[in-house]
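Residue numbers for the sequence shown follow the numbering used here, beginning at 12 and rising by one.
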Amino acid sequence: MSSEYDPAFGAGPPDGAARDDLAGVQAAFRRASRPYLSSPLPWFAWAALLPGAALATGRVAAAGGVPAVLALWSLTVLAGGLVEGTVLLSARRRLGSSALGAWAMRVQGNLSLVGAALSIALLAAGREALLPALWLLLLGHSLFALGGLALGAQRLAGIVYQVGGVAALVPGVPPLIAFALATAAGNLVVAFGVLRARA
């Protein structure tokens, strides 16, 4: 049975017309993703913010409980989103925007809503230890899928995220440590990939 992961694990590229179709889609996605991948700065920011929040979660929880943890992660996401949004809006002014780029952003937004709903369900069930794995697996799949169309470094980052997500499910592996390592490594992979692409 084939899947979109086949090329990452040794299957050859499609032949003939299928390859031409794929090349056309990839070219369109690369054009549409130029504003989003115009700078490594957001990726460096996420590489620092997400691991930092993960490593601080235990201490914050001990000091302030669930409300403090929610505040920590809310502020982390807002800070990263501010960096990402500022860079994206600046790039859109220079490079323009496209319907395809807007579609990809809506897909990401929908993924976030799914992740939030599943997070609430896990919290309600008292299974908060599964949250790092959930987000690593969700975001990893998204990075892998979109990276296959936009930037190869995102595919590698997606695999890093998903390996971290699986590791976070292994008994004895601290889930937040797995999250910190995977998000640091994955975002740095994309940041340096953007730098190479710009060069």
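Think of the CB as a built atom: it goes at the ideal place given N, C-alpha and C, for glycine as much as any other residue.
Following the DSSP letters along the chain, one finds residue 160 in no alpha helix (DSSP H), marked with neither H nor E. In the DSSP annotation of this structure, residue 137 is not part of any alpha helix (DSSP H), being labelled neither H nor E.
Between residue 178 and residue 55, the C-beta gap is not smaller than 7 Å, which leaves the two residues out of contact. DSSP, reduced to helix, strand and coil, places residue 180 within a helical segment of the structure shown.
Comparing alpha carbon positions, the residue from 80, 95 and 187 closest to residue 144 is 187.
Proximity to residue 99 across 66, 49 and 148 peaks at 49, based on C-alpha coordinates. Counting of Cβ neighbours within 10 angstroms places residue 153 among the buried residues, the total reaching 16 or more. Short of 7 Å from the beta carbon of residue 80, and not among the five residues preceding or following it, lie these beta carbons of its own chain, in chain order: 68, 71 and 72. By the beta-carbon neighbour count (other beta carbons within 10 angstroms, threshold 16), residue 142 is buried.
In chain order, 200 place their CB closer than 7 Å to the CB of residue 167, counting only its own chain and leaving out the 5 sequence neighbours on each side. For residue 191, the closest of 53, 64, 51 and 162 by C-alpha to C-alpha distance is 64.
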